[in-house]
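Throughout, this note's numbering is defined as the position within the sequence shown, counted from one, plus 1. A quick write-up on the structure given underneath.
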Amino acid sequence: MPHKHIQTGVLNVGELSPSNTAMDQDYECRLLRQINIHNENASPVKAADSRRTLTPTSSPVSSPSKHGDRFIPSRAGANWSINFHRINENEKSPSQNRKTKDATSDTTKADGLAYSALLKNELLGAGIEKVQDPQTEDRRLQPSTPERRSLFSYSLSAKRCSPDDGKTVSPYSLSPVSSKSQKLLRSPRKPTRKISKIPFKVLDAPELQDDFYLNLVDWSALNVLSVGLGTCVYLWSACTSQVTRLCDLSVEGDSVTSVGWSERGNLVAVGTHKGFVQIWDAAAGKKMFTLEGHTARVGALAWNADQLSSGSGTA
2 MPHKHIQTGV LNVGELSPSN TAMDQDYECR LLRQINIHNE NASPVKAADS RRTLTPTSSP
62 VSSPSKHGDR FIPSRAGANW SINFHRINEN EKSPSQNRKT KDATSDTTKA DGLAYSALLK
122 NELLGAGIEK VQDPQTEDRR LQPSTPERRS LFSYSLSAKR CSPDDGKTVS PYSLSPVSSK
182 SQKLLRSPRK PTRKISKIPF KVLDAPELQD DFYLNLVDWS ALNVLSVGLG TCVYLWSACT
242 SQVTRLCDLS VEGDSVTSVG WSERGNLVAV GTHKGFVQIW DAAAGKKMFT LEGHTARVGA
302 LAWNADQLSS GSGTA
């Protein structure tokens, strides 16, 4: 009797579900990705690169050198001290510079001058020890002849100077700046003088002649103002605000055309329309001398110590 084989099997229903089908697709994608990565690592180019990178004893493959076509000029011989002052020359127009100057306060200007001088000491070796007017420093560093401009420079023509100018510096100094800059920072700040925009005193001058060629106002060294009004000369003291009449030329039929104080402030010269020059003692209020020689009005007077010069329409 023949034997009958009975085959039994177990069927997993979950394998036919849609989730397992999607999982098989994901597995296939991951498997293909791993195969591709393995093939790339096994390529001869990558292997050669890896051997050249990981093996220090192997000889590197020489690559052809590429040379650039740009010329880099030597800038060591440039006049940096001159170029430093020309940084902001062409950046702003004159109107913009005027607006900026008016808007900047005096404190900011002083700080800017100190900072600029500090940069000159540290970068250019200027050796500035005191903050001065920037126009003075710029005039000192401005070139007297036109700057020579060459296309190629092969030698150093400018002399390099150290910030300390050869002077010994303490080896124990902990300051990051030079000794000149330390003196600059310790120098006292120059006080700024504020000029009032409105007059503090207004004097009445009803008979003041409106003539360009006459000099009818002069200030003395003793803070006394002399004014020629018509036929009289008046003195006004700025200390006491007292007004005194020095002389009156109406008796002589003459008028005042110029006044001038001596350097000491004790004598005042008075030029007249008839060509006379009178010397008066301001403190005593007395006439000392009367000088003649001019045939026209005396419109100019000038003192030099005790010497007086006068000018008129004739000489």
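Idealized CB from N, CA, C, for every residue including glycine. Predicted model, so just to flag it, every value in this text is computed and none were measured.
- Measuring C-alpha to C-alpha distances from alanine 284 to each of Asp205, Val244, Ala206 identifies Val244 as the nearest.
- Going by DSSP, leucine 226 is part of the beta strand (DSSP E) stretching over 225-230.
- Boundaries cannot be given for glutamine 210, as no beta strand (DSSP E) includes it and DSSP labels it neither H nor E.
- Less than 8 Å separates the beta-carbon of valine 260 from that of aspartate 219.
- According to DSSP, residue pairing for isoleucine 280 in a beta bridge involves Ala270, Phe290.
- A straight line joining the alpha-carbon of leucine 247 with that of leucine 217 spans about 14 Å.
- Glutamine 308 carries a strand assignment under DSSP once its states are collapsed to helix, strand and coil.
- Out of Lys191, Leu175, Thr241, the CA that lies nearest to the CA of leucine 223 is found in Thr241.
- Distance from the CA of aspartate 282 to the CA of glycine 128, rounded to the nearest whole angstrom, comes to 52 Å.
- For alanine 301, the secondary structure class from DSSP, reduced to helix, strand or coil, is strand.
- Tyrosine 116 and serine 182 have their C-alpha atoms some 10 Å from each other.
- When rounded, the separation of the alpha-carbon atoms in valine 257 and glycine 276 is 10 Å.
- The DSSP-derived three-state label of cysteine 240 is coil.
- Distances from the CA of arginine 298 to each of Ser310, Leu292, Thr315, Met289 were compared; the closest alpha carbon is that of Thr315.
- Residue environment: serine 311 is assigned as buried (16 or more neighbouring CB atoms within 10 Å of its CB, all protein chains considered).
- The beta carbons of alanine 206 and valine 228 sit closer together than 8 Å.
- In the three-state scheme derived from DSSP, where H, G and I count as helix and E and B as strand, leucine 33 is classed as helix.
- Each of Lys191, Ala239, Glu208 was checked against the Cα of phenylalanine 201, and the nearest Cα belongs to Ala239.
- Taking C-alpha positions only, valine 278 is separated from isoleucine 199 by approximately 36 Å.
- Burial of serine 180 is indicated by the presence of at least 16 other C-beta atoms within 10 angstroms of its C-beta.
- A straight-line Cα-Cα distance of about 23 Å links phenylalanine 290 and tryptophan 237.
- Counting only residues of its own chain and dropping the five nearest sequence neighbours on each side, leucine 226 has a CB closer than 6 Å to the CB of Trp220, Trp237.
- Counting along the chain, serine 259 sits inside the beta strand (DSSP E) bounded by residues 257-262.
- One thing to note: glycine 300 has its Cβ no nearer than 8 Å to the Cβ of glycine 254.
- Taking the Cβ atoms as the reference, leucine 215 lies roughly 46 Å from alanine 118, outside the contact range of under 8 Å.
- Ranked by Cα distance from alanine 303, the first of Asp212, Lys287, Leu268, Val178 is Leu268.
- Inter-residue distance for arginine 187 and leucine 204 is about 45 Å (C-alpha atoms, whole angstroms).
- Sequence-distant partners of glycine 286 (beyond 5 residues in either direction) whose C-beta falls short of 7 Å from its own C-beta, in its chain, are Leu247.
- Here valine 178 is not near glutamate 264, since their CB atoms are 8 Å or more apart.
- Collapsing the DSSP output to three states places leucine 204 in coil.
- Remark: C-beta atoms of leucine 209 and alanine 270 do not approach each other more closely than 8 Å.
- Here the alpha carbon of leucine 175 sits roughly 58 Å from the alpha carbon of tryptophan 262.
- Under DSSP, no beta-bridge partner is assigned to tyrosine 173.
- The continuous stretches of beta strand (DSSP E) do not include valine 252, and DSSP gives it neither H nor E.
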